[in-house]
Amino acid sequence: MAKEKEPKPEELFQSIDYKAPKKFWMDTPAQIRPGMFCWGAKAKSLNTVGFPNARDWNPSEENWKLPDNWQEILIEGLRERLDKYRSLRLFMDICVRCGACADKCHFYIGTGDPKNMPVLRAELMRSVYRKYFTTGGKVLGKLAGARELDLQVLKEWWYYFFQCTECRRCSVFCPYGIDQAEITMAGRELLNLIGLNIEWIMGPAANCYMKGNHLGLEPHTIVNNVEFMLDDIETLTGIRINPSFNRKGAEILFVTPSGDLFADPGTYTCMGYLMLFHELGLDYTWSTYASEGGNFGFFTSNELAKRLNSKIYAEAKRLGVKWILGGECGHMWRVLNQYMDTWNGPADFLEVPKSPITGTVFENAKATKMTHIIEFTADLIKHGKLKLDPSRNDHLNVTFHDSCNTARGMGVFEEPRYVINNICRNFFEMPRETIREQTFCCGSGSGLNAGEDMELRLRGGLARANAVKYVHDKHGVNMLANICAIDRAALTTSMNYWVPGVTVAGVHELLANALVMTGEKPRETDLRGEPLPASEEDVSVSARAVTQAEGETAGGEANV
Amino acid sequence: MKALVPFLAVVFLVLLVIAGVKAAGLYFLFGVAVPYAAAAIFLLGFVYKVVKWGRTPVPFHIPTTCGQQKSLPWIKPNSIENPSGTGGVIMRMLLEVFLFRSLFKNRKTKIKGDYIAYSWAPWLWLSGMAFHWSFLLIVIRHLRFFFQSVPVPVQALEHLDSILNWGVPALYITDVIFLAAVTYLFLRRVTLAHLKAITLPADYFPLFLLFGIGASGALMRYHLRVDVVGVKELVMGLVSLHPAAVAGIGTIFYIHLFLISTLFAYFPWSKLVHAGGVFLSPTRNLSNNSRVVRHVNPWNYPVKVHTYAEYEDDFREKMKMAGLPVEKE
Numbered sequence: 001m002a003k004e005k006e007p008k009p010e011e012l013f014q015s016i017d018y019k020a021p022k023k024f025w026m027d028t029p030a031q032i033r034p035g036m037f038c039w040g041a042k043a044k045s046l047n048t049v050g051f052p053n054a055r056d057w058n059p060s061e062e063n064w065k066l067p068d069n070w071q072e073i074l075i076e077g078l079r080e081r082l083d084k085y086r087s088l089r090l091f092m093d094i095c096v097r098c099g100a101c102a103d104k105c106h107f108y109i110g111t112g113d114p115k116n117m118p119v120l121r122a123e124l125m126r127s128v129y130r131k132y133f134t135t136g137g138k139v140l141g142k143l144a145g146a147r148e149l150d151l152q153v154l155k156e157w158w159y160y161f162f163q164c165t166e167c168r169r170c171s172v173f174c175p176y177g178i179d180q181a182e183i184t185m186a187g188r189e190l191l192n193l194i195g196l197n198i199e200w201i202m203g204p205a206a207n208c209y210m211k212g213n214h215l216g217l218e219p220h221t222i223v224n225n226v227e228f229m230l231d232d233i234e235t236l237t238g239i240r241i242n243p244s245f246n247r248k249g250a251e252i253l254f255v256t257p258s259g260d261l262f263a264d265p266g267t268y269t270c271m272g273y274l275m276l277f278h279e280l281g282l283d284y285t286w287s288t289y290a291s292e293g294g295n296f297g298f299f300t301s302n303e304l305a306k307r308l309n310s311k312i313y314a315e316a317k318r319l320g321v322k323w324i325l326g327g328e329c330g331h332m333w334r335v336l337n338q339y340m341d342t343w344n345g346p347a348d349f350l351e352v353p354k355s356p357i358t359g360t361v362f363e364n365a366k367a368t369k370m371t372h373i374i375e376f377t378a379d380l381i382k383h384g385k386l387k388l389d390p391s392r393n394d395h396l397n398v399t400f401h402d403s404c405n406t407a408r409g410m411g412v413f414e415e416p417r418y419v420i421n422n423i424c425r426n427f428f429e430m431p432r433e434t435i436r437e438q439t440f441c442c443g444s445g446s447g448l449n450a451g452e453d454m455e456l457r458l459r460g461g462l463a464r465a466n467a468v469k470y471v472h473d474k475h476g477v478n479m480l481a482n483i484c485a486i487d488r489a490a491l492t493t494s495m496n497y498w499v500p501g502v503t504v505a506g507v508h509e510l511l512a513n514a515l516v517m518t519g520e521k522p523r524e525t526d527l528r529g530e531p532l533p534a535s536e537e538d539v540s541v542s543a544r545a546v547t548q549a550e551g552e553t554a555g556g557e558a559n560v
Numbered sequence: 561m562k563a564l565v566p567f568l569a570v571v572f573l574v575l576l577v578i579a580g581v582k583a584a585g586l587y588f589l590f591g592v593a594v595p596y597a598a599a600a601i602f603l604l605g606f607v608y609k610v611v612k613w614g615r616t617p618v619p620f621h622i623p624t625t626c627g628q629q630k631s632l633p634w635i636k637p638n639s640i641e642n643p644s645g646t647g648g649v650i651m652r653m654l655l656e657v658f659l660f661r662s663l664f665k666n667r668k669t670k671i672k673g674d675y676i677a678y679s680w681a682p683w684l685w686l687s688g689m690a691f692h693w694s695f696l697l698i699v700i701r702h703l704r705f706f707f708q709s710v711p712v713p714v715q716a717l718e719h720l721d722s723i724l725n726w727g728v729p730a731l732y733i734t735d736v737i738f739l740a741a742v743t744y745l746f747l748r749r750v751t752l753a754h755l756k757a758i759t760l761p762a763d764y765f766p767l768f769l770l771f772g773i774g775a776s777g778a779l780m781r782y783h784l785r786v787d788v789v790g791v792k793e794l795v796m797g798l799v800s801l802h803p804a805a806v807a808g809i810g811t812i813f814y815i816h817l818f819l820i821s822t823l824f825a826y827f828p829w830s831k832l833v834h835a836g837g838v839f840l841s842p843t844r845n846l847s848n849n850s851r852v853v854r855h856v857n858p859w860n861y862p863v864k865v866h867t868y869a870e871y872e873d874d875f876r877e878k879m880k881m882a883g884l885p886v887e888k889e
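Going down the list, the protein sequences come from chains X and G.
Each residue of the first sequence is one higher than the last, beginning at 1 in the numbering used here.
Each residue of the second sequence is one higher than the last, beginning at 561 in the numbering used here.
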């Protein structure tokens, strides 16, 4: 439905208006506009995980079928969360509205909607907090920036807490580290209490609860999907791989987002894992029960996130593995780094991860016992354990997108760059203000990568896409590498719209292109079936030399 | 309108002092009772706030990481922006509190042709630094009224602050910077459209109050001379808990004192508590070591999960067909 009115990129770009509104923001109720929101959560999905006030409802209708005492539920819910989260209580109290965060949000940059300034999105909740929890707000009301929680405010909360991808970019610039993600998470938890989630989140979360992964892939489907990839790998390399599933006694359990098992370009990344592990002769197993690294529960409530996450340790224990290896994913790693052990640890039945190939002990995962595959692979390359032919990626001019969560909730910056620089010869950084800790969200994180909110996603993805456009125009970048499953899906859409000619890949896809496997036949194409750079050796060598020389100069400029 | 009410409130406070001191001679009220009450409200309120935050759990380990993590031994971690230990956290907090490091990173986002461009925007950082540091130095200078003999560091600061040696009495540099910074912080709120849109009366009020404090102080020092000996006598009385009302100091002093008292009393209940809150911010004061050391959530509770056994019950036949091992045949 949103498709029919999808504006042209130039029109959308030019429609962005940063002019501030004349009226005070409290006096401008949210206009729930098609293309900017996702469908409401279905009763069926909510019932699957036992969430309250389940019903089918439509956000664009006037009547949201709210429970009679919804205000009471929300105020009590807010009280409870203020007592449970120091972050929330503090962030309600200490903002000085200096405005540093205002133009740091990708949704603000792409929409110009003042309520997408993180400070205002937070004020949506703060104003209610003041009214019910501070004396000043109770007595002075609007003069103290306080307001009643009425139906309009509720709709505004819903609309804007689902226009935040919890990317934490605002918290980098805030002098007190106020993190809108904490406020959005609390806001969404509250909305959940009255059944107001979105189906794009609740459907996958319910799937994950019952079937082990967001996509609802049943065990035999997982096996079949992997079989298809194995066929492709065989065609490409002449090597037949035989991975194992749910195997007890394996040394390592491998967990990755289910998106990697389902659709390209994620499947290419998954093929990369399969090829790498085969070449290493790694003693590892997949699980169909813990077949999801990501966690859409994280976008509903702390409790559901914990319930979904519990499967990873439970399965590691059941299978008797020594440690866990995690695939390329963004929010999955925020959860694994900052939440998993707290929720479902201690993982004292596991051993500190140790690479069986290099002997490296991953001391940085001493407690969680879970290592990021990019750390694992960087270590392999550093120890010279992989035979790599980066020229097989010479048809690609690569840039790297830091995922919000691995950037600002973990700090994975050098590992992927190290790997990329060893598997590609043409690497160009995007401008400094758009990478590393200042990276921009793909625009579709935190469960907003639906179809019906396409305008929101394209607008939210603009800041990232525009930085890609910059290196595309300047250096001919045609490949956007990343380490996140949602990125692989969302950035593909965003590139097709904003920067046609740029494709998107996980780092392990590019690694598999370059990986020289024992006994493989000469490769004619990359993993996607695209012909490799000119097969006549002399032509490719000279062409390569030229691109590389250009790359170095240009890469230097980009870093200035 | 949002600025008018707080402005009138500060004007009202000034008129209140003029009426109370000049007309009604309520020296004890404005010289002793109000300052004591304000100090008490400030102390109790501030402690109340910090204790309230402090007692609220930090259930999860959520530092915002702004640099390379500590992972493999050959990758250099950024130990300040992404601290892995207490030392790094302390450094990060010191840089944040004393130099406003995060604010220093501020960039302005603009559309330039086909591109979104990011330009250096130091003015908020600069004015914030100017305001807070000049305020701190002014407060330290005021310690001369709190000691019988003025401590040497305070004397040294006074000397440095007046080193330009302009006018009689010599102009304090910090006075100029303070008033300029407060003025700038006010002007940006009324001239930058976006900032104006997010600004609340509660943002204007402290600015007017601070300007009032600075202006009354400057007037007192450079223009309307007051009885400094009387001021010292009054303050020493307050500090030594033997308060006595002192008459004849000059109304401008009481205005200054009353506005300061208002600031103190207002402080804990307003956004000004960021001064204490910044130290407790979990995105800044935690190290990124949650994969190394388990962070405990005091309210962690058991949840309902979908177990492997239940999963196998749902899919046993399909699993067997696909050749997957099962626990129960």
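We put the CB at the ideal spot given by N, CA and C, even for glycine.
Next on the checklist: Looking at chain X, is there any beta carbon in it that lies within less than 9 Å of the beta carbon of SER821(G)?
Outcome noted: As a first step, residue 821(G) is located in the second sequence; it is residue number 261 there, counting from the start. By this cut-off, SER821(G) is not an interface position.
Checklist entry - So does the segment 869-885 of chain G actually touch the segment 244-262 of chain X, counting three or more Cβ pairs closer than 8 Å? => result yes
Next on the checklist: I'd like to check one pair, VAL468(X) with ALA516(X): are the Cβ atoms closer than 9 Å?
Outcome noted: Residue mapping note: residue 516(X) aligns to position 516 of the first sequence, counting from 1. Residue mapping note: residue 468(X) aligns to position 468 of the first sequence, counting from 1. First, the residue type needs correcting, since residue 516(X) is Val and not Ala in the sequence shown. No; because the gap between Cβ atoms is not below 9 Å, this pair is not in contact.
Checklist entry - Roughly how many angstroms lie between the CA atoms of LYS630(G) and ASN638(G), to the nearest whole one? => result Translated into the one-based positions of the second sequence, residue 630(G) becomes position 70. Translated into the one-based positions of the second sequence, residue 638(G) becomes position 78. Rounded to whole angstroms, LYS630(G) to ASN638(G) spans 8 Å at the Cα level.
Checklist entry - Do SER830(G) and PRO729(G) have their C-beta atoms closer together than 9 Å? => result Indexing the second sequence from 1 puts residue 830(G) at position 270. Indexing the second sequence from 1 puts residue 729(G) at position 169. Taking 9 Å as the Cβ cut-off, SER830(G) and PRO729(G) do not qualify as a contacting pair.
Next on the checklist: Measuring only the C-alpha atoms, how far is PHE13(X) from THR751(G)?
Outcome noted: Reading the first sequence from its first residue, position 13 is the one you call residue 13(X). Reading the second sequence from its first residue, position 191 is the one you call residue 751(G). Near 26 Å, if we compare the C-alpha coordinates of THR751(G) and PHE13(X).
Checklist entry - Where do the ends of the beta strand (DSSP E) carrying HIS802(G) lie? => result Residue 802(G) sits at position 242 when you count from the first residue of the second sequence. Taken as a continuous stretch (DSSP letters only), HIS802(G) belongs to no beta strand (DSSP E), as it is neither H nor E.
Item to check | Neighbouring residues, chain G, relative to LYS138(X) (Cβ below 7 Å) | outcome: Within the first sequence, residue 138(X) is the residue found at index 138, counting from 1. Result: empty, since nearest Cβ-Cβ is about 12 Å, beyond 7 Å.
Next on the checklist: Per the DSSP calculation, LYS670(G) is bridged to which residue(s)?
Outcome noted: Here the question's residue 670(G) lines up with position 110 in the second sequence. LYS670(G) pairs with ALA677(G).
Next on the checklist: Quick check on this structure: which residue in PRO390(X), LEU325(X), LEU458(X) and SER45(X) has the alpha carbon closest to the alpha carbon of PRO257(X)?
Outcome noted: Position 257 of the first sequence, counted from the start, is the residue given in the question as residue 257(X). Nearest C-alpha to PRO257(X): LEU325(X).
Item to check | Distance between beta carbons of GLY136(X) and GLU455(X), contact taken as under 8 Å | outcome: Here the question's residue 455(X) lines up with position 455 in the first sequence. Here the question's residue 136(X) lines up with position 136 in the first sequence. Actually they are not in contact, since the Cβ atoms of GLU455(X) and GLY136(X) sit about 39 Å apart, beyond 8 Å.
Item to check | Per DSSP, cross-strand counterpart(s) of GLY506(X) | outcome: Translated into positions along the first sequence, residue 506(X) becomes position 506. GLY506(X) is bridged to ASN482(X).
Checklist entry - Would you call the segment 813-833 of chain G and the segment 761-778 of chain G in contact, with 3 or more CB pairs under 8 Å? => result yes
Next on the checklist: Can you pull out the residues from the segment 90-110 of chain X whose beta carbon lies closer than 7 Å to at least one beta carbon of chain G?
Outcome noted: LEU90, ASP93, ILE94, CYS95, VAL96, ARG97, CYS98, GLY99, ALA100, ALA102, ASP103 and ILE109
Checklist entry - Is any beta-carbon of chain X found at less than 9 Å from that of PRO614(G)? => result In the second sequence, residue 614(G) corresponds to position 54, counting from 1. In the sequence on display, residue 614(G) carries Gly and not Pro. Taking Cβ atoms only, chain X reaches closer than 9 Å to GLY614(G), which makes this a yes.
Next on the checklist: Could you check whether the Cβ of GLU123(X) sits closer than 9 Å to any Cβ belonging to chain G?
Outcome noted: For the purposes of this step, residue 123(X) is identified with residue 123 of the first sequence, where counting begins at 1. Cβ-Cβ to chain G under 9 Å: yes for GLU123(X).
Checklist entry - Do the segment 115-133 of chain X and the segment 155-162 of chain X make contact, defined as three or more Cβ pairs closer than 8 Å? => result yes
Checklist entry - Does DSSP put TYR284(X) in a helix, a strand or coil? => result On the first sequence, position 284 is the one that residue 284(X) refers to. TYR284(X) falls in the strand class under three-state DSSP.
Next on the checklist: Please confirm whether ASN246(X) has its beta-carbon closer than 9 Å to some beta-carbon of chain G.
Outcome noted: Along the first sequence, one-based indexing puts residue 246(X) at 246. It does; some Cβ of chain G falls within 9 Å.
Checklist entry - Just to confirm, are THR493(X) and PRO265(X) a CB contact at a threshold of 9 Å? => result Locating residue 493(X) in the first sequence gives position 493, counting from the first residue. Locating residue 265(X) in the first sequence gives position 265, counting from the first residue. Contact flag unset, no.
Next on the checklist: Could you give the first and the last residue of the continuous beta strand (DSSP E) run that contains VAL49(X)?
Outcome noted: If you number the first sequence from 1, residue 49(X) lands on position 49. Premise fails: VAL49(X) is in no beta strand (DSSP E) and is neither H nor E.
Next on the checklist: As a quick exercise: from HIS472(X), LEU74(X) and MET275(X), pick the residue whose alpha carbon is nearest that of HIS508(X).
Outcome noted: Taking the first residue of the first sequence as 1, we reach residue 508(X) at position 508. It is MET275(X).
Next on the checklist: I'd like to know whether the C-beta of ASP787(G) is nearer than 9 Å to at least one C-beta of chain X.
Outcome noted: In the second sequence, the residue the question calls residue 787(G) occupies position 227. So no, ASP787(G) is outside the interface.
Next on the checklist: Give me the subset of the segment 820-842 of chain G whose CB atoms are less than 7 Å from a CB atom of chain X, sorted by chain position.
Outcome noted: TRP829, LYS831, VAL833, HIS834, GLY837, VAL838, LEU840, SER841 and PRO842
Item to check | Cβ distance (whole Å) where ILE198(X) is taken to contact PHE162(X) below 8 Å | outcome: Counting from one through the first sequence, the residue named residue 198(X) turns up at place 198. Counting from one through the first sequence, the residue named residue 162(X) turns up at place 162. Right, the Cβ-Cβ distance comes to about 6 Å (below 8 Å), so this counts as a contact.
Next on the checklist: Can you pull the chain X neighbours of ILE758(G), defined as C-beta to C-beta under 8 Å?
Outcome noted: Here the question's residue 758(G) lines up with position 198 in the second sequence. Ordered by position in chain X, the residues that pass the 8 Å Cβ test against ILE758(G) are TRP25, ARG97, GLY99, ALA102, PRO114, MET117, VAL119, LEU120 and GLU123.
Checklist entry - Taking the Cβ atom as the reference point for each residue, do ASP348(X) and ALA514(X) lie within a distance shorter than 9 Å? => result By one-based count along the first sequence, residue 348(X) stands at place 348. By one-based count along the first sequence, residue 514(X) stands at place 514. Not closer than 9 Å, so no.
Checklist entry - Taking 9 Å as the CB-CB cut-off, is CYS174(X) touching chain G? => result Here the question's residue 174(X) lines up with position 174 in the first sequence. True, the Cβ-Cβ gap to chain G drops below 9 Å.
Next on the checklist: I'd like to know whether the C-beta atoms of LEU703(G) and VAL712(G) end up nearer to each other than 9 Å.
Outcome noted: Residue 703(G) sits at position 143 when you count from the first residue of the second sequence. Residue 712(G) sits at position 152 when you count from the first residue of the second sequence. The answer is no: Cβ separation not under 9 Å.
Checklist entry - If you compare alpha carbons, which of ASP260(X), LEU78(X) and PRO219(X) is closest to ASN482(X)? => result Residue numbering aside, residue 482(X) sits at position 482 when the first sequence is read from its first letter. For ASN482(X), the nearest C-alpha among the options comes from ASP260(X).
Checklist entry - Skipping 5 residues on each side, what residues in its chain have a beta carbon closer than 7 Å to that of GLU437(X)? => result Along the first sequence, read from residue 1 onward, the residue named residue 437(X) stands at position 437. Closer than 7 Å at Cβ, skipping near neighbours: VAL172, ALA407 and ARG408.
Next on the checklist: Which same chain residues end up closer than 6 Å to ARG89(X) when comparing Cβ atoms and leaving out the 5 residues on each side of it in sequence?
Outcome noted: Residue mapping note: residue 89(X) aligns to position 89 of the first sequence, counting from 1. Contacts found: LEU82.
Checklist entry - Under a CB-based cut-off of 9 Å, is PHE13(X) close to chain G? => result The residue labelled residue 13(X) in the question sits at position 13 within the first sequence. Yes, contact with chain G.
Item to check | Paired residues, beta bridge with HIS372(X) - DSSP | outcome: Translated into positions along the first sequence, residue 372(X) becomes position 372. In DSSP, HIS372(X) forms a bridge with GLY326(X).
Next on the checklist: With three or more beta-carbon pairs closer than 8 Å as the criterion, would you say the segment 786-794 of chain G touches the segment 47-65 of chain X?
Outcome noted: no
Checklist entry - How big is the Cα-Cα spacing for VAL657(G) and TYR176(X)? => result Within the second sequence, the letter at position 97 stands for residue 657(G). Within the first sequence, the letter at position 176 stands for residue 176(X). Rounded to the nearest angstrom, the two C-alpha atoms are 9 Å apart.
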